[in-house]
Amino acid sequence: SYFNLSFGYVSERGDSTIGWGYKSGTQTDERISAGSTTFMFYDKNSRDKKVYLGNFDDIRDYESAGDECDIIIAQFSDGNIRTAVIYKR
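In this note's numbering, the protein residues as written are 13 to 101.
Take a look at the structure:
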(Lines of atoms letter the chains of each structure in order from A and count residues from 1; the text may use other names and numbers.)
(Lines give C-alpha, C1' and ligand atoms only; values in the text may rest on other atoms or scores of the structure.)
Protein backbone atom coordinates (compact mmCIF):
# COMPACT_ATOMS: atom_id res chain seq x y z
CA SER A 1 0.00 0.00 0.00
CA TYR A 2 1.35 3.41 -0.90
CA PHE A 3 0.29 6.99 -0.23
CA ASN A 4 0.25 9.69 -2.92
CA LEU A 5 -0.79 13.32 -2.67
CA SER A 6 -1.38 15.46 -5.75
CA PHE A 7 -2.27 19.10 -6.37
CA GLY A 8 -3.27 20.94 -9.52
CA TYR A 9 -5.63 23.07 -11.56
CA VAL A 10 -8.64 21.17 -12.92
CA SER A 11 -8.13 21.07 -16.68
CA GLU A 12 -10.88 18.70 -17.82
CA ARG A 13 -13.86 16.60 -16.82
CA GLY A 14 -14.95 13.59 -18.82
CA ASP A 15 -17.97 11.34 -18.24
CA SER A 16 -16.47 10.07 -14.99
CA THR A 17 -12.88 11.32 -15.10
CA ILE A 18 -11.19 14.46 -13.90
CA GLY A 19 -7.82 15.75 -15.04
CA TRP A 20 -5.52 18.45 -13.71
CA GLY A 21 -2.32 20.24 -14.57
CA TYR A 22 0.41 20.91 -12.03
CA LYS A 23 1.14 24.48 -13.19
CA SER A 24 -2.14 25.51 -14.85
CA GLY A 25 -5.39 24.18 -16.26
CA THR A 26 -4.15 24.49 -19.84
CA GLN A 27 -2.61 21.01 -19.76
CA THR A 28 -3.41 17.70 -18.10
CA ASP A 29 -0.65 16.03 -16.08
CA GLU A 30 -2.83 13.53 -14.16
CA ARG A 31 -6.24 11.99 -14.75
CA ILE A 32 -8.37 9.79 -12.50
CA SER A 33 -11.76 8.13 -12.45
CA ALA A 34 -13.84 10.14 -9.98
CA GLY A 35 -17.47 10.05 -11.11
CA SER A 36 -18.75 8.54 -7.86
CA THR A 37 -16.39 10.41 -5.52
CA THR A 38 -17.74 12.79 -2.88
CA PHE A 39 -15.60 15.91 -2.74
CA MET A 40 -15.06 18.43 0.03
CA PHE A 41 -15.32 21.95 -1.38
CA TYR A 42 -13.89 25.16 0.03
CA ASP A 43 -15.43 28.37 -1.34
CA LYS A 44 -13.95 31.53 0.18
CA ASN A 45 -16.58 33.70 -1.53
CA SER A 46 -19.63 31.85 -0.21
CA ARG A 47 -21.79 33.81 2.22
CA ASP A 48 -23.40 30.74 3.81
CA LYS A 49 -21.24 27.63 3.67
CA LYS A 50 -17.54 28.02 2.98
CA VAL A 51 -16.94 24.26 3.37
CA TYR A 52 -19.42 21.73 2.01
CA LEU A 53 -19.69 18.30 0.40
CA GLY A 54 -20.39 18.10 -3.30
CA ASN A 55 -19.97 15.83 -6.27
CA PHE A 56 -18.22 15.59 -9.60
CA ASP A 57 -20.76 17.86 -11.34
CA ASP A 58 -19.90 20.79 -9.02
CA ILE A 59 -16.31 21.03 -10.29
CA ARG A 60 -15.35 23.79 -12.74
CA ASP A 61 -12.64 22.82 -15.21
CA TYR A 62 -10.45 24.95 -17.47
CA GLU A 63 -12.54 24.07 -20.51
CA SER A 64 -15.63 25.69 -18.95
CA ALA A 65 -14.19 28.34 -16.58
CA GLY A 66 -10.81 29.29 -18.04
CA ASP A 67 -8.37 30.72 -15.51
CA GLU A 68 -11.08 30.55 -12.82
CA CYS A 69 -10.97 26.73 -12.89
CA ASP A 70 -11.02 24.96 -9.53
CA ILE A 71 -7.95 23.62 -7.74
CA ILE A 72 -7.83 19.99 -6.59
CA ILE A 73 -5.85 18.41 -3.77
CA ALA A 74 -6.24 14.63 -3.95
CA GLN A 75 -4.95 11.81 -1.76
CA PHE A 76 -4.58 8.32 -3.20
CA SER A 77 -3.87 4.90 -1.82
CA ASP A 78 -3.13 1.91 -4.07
CA GLY A 79 -4.12 3.99 -7.11
CA ASN A 80 -7.59 4.81 -5.79
CA ILE A 81 -8.76 8.25 -4.74
CA ARG A 82 -9.36 8.36 -0.98
CA THR A 83 -9.85 12.05 -0.23
CA ALA A 84 -10.25 15.08 -2.47
CA VAL A 85 -10.61 18.77 -1.67
CA ILE A 86 -11.74 21.26 -4.30
CA TYR A 87 -10.80 24.90 -3.80
CA LYS A 88 -13.22 27.21 -5.62
CA ARG A 89 -11.57 30.28 -7.16
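C-beta atoms are modelled at their ideal positions from N, C-alpha and C, and glycine is treated no differently. All of these numbers come straight from a predicted model, not from anything done at the bench.
Where does residue i land, buried or exposed, given buried means 16+ other C-beta within 10 angstroms?
i, result
"residue 25", "buried"
"residue 28", "exposed"
"residue 53", "buried"
Among the candidates the options, whose CA atom is the shortest distance from the CA of residue i?
i, options, result
"residue 81", "59, 18, 93 and 33", "33"
"residue 69", "85, 51, 55 and 88", "51"
"residue 71", "87, 89 and 47", "47"
"residue 96", "79, 64 and 76", "64"
"residue 42", "54, 62, 20 and 56", "20"
Since I believe residue j is in contact with residue i (beta carbons under 8 Å), could you give me their beta-carbon distance rounded to a whole number of angstroms?
i, j, result
"residue 40", "residue 58", "No, residue 40 and residue 58 are not in contact; Cβ-Cβ is about 28 Å, not under 8 Å."
"residue 85", "residue 49", "The Cβ separation is near 13 Å, so there is no contact."
For the beta strand (DSSP E) containing residue i, list its first residue and its last residue.
i, result
"residue 94", "92 to 100"
Worksheet item: Counting only runs that start and end within the stretch 14 to 75, where is the beta strand (DSSP E) found for 3 or more residues in a row?
Response: 15 to 25, 29 to 33, 42 to 45, 51 to 55 and 63 to 66
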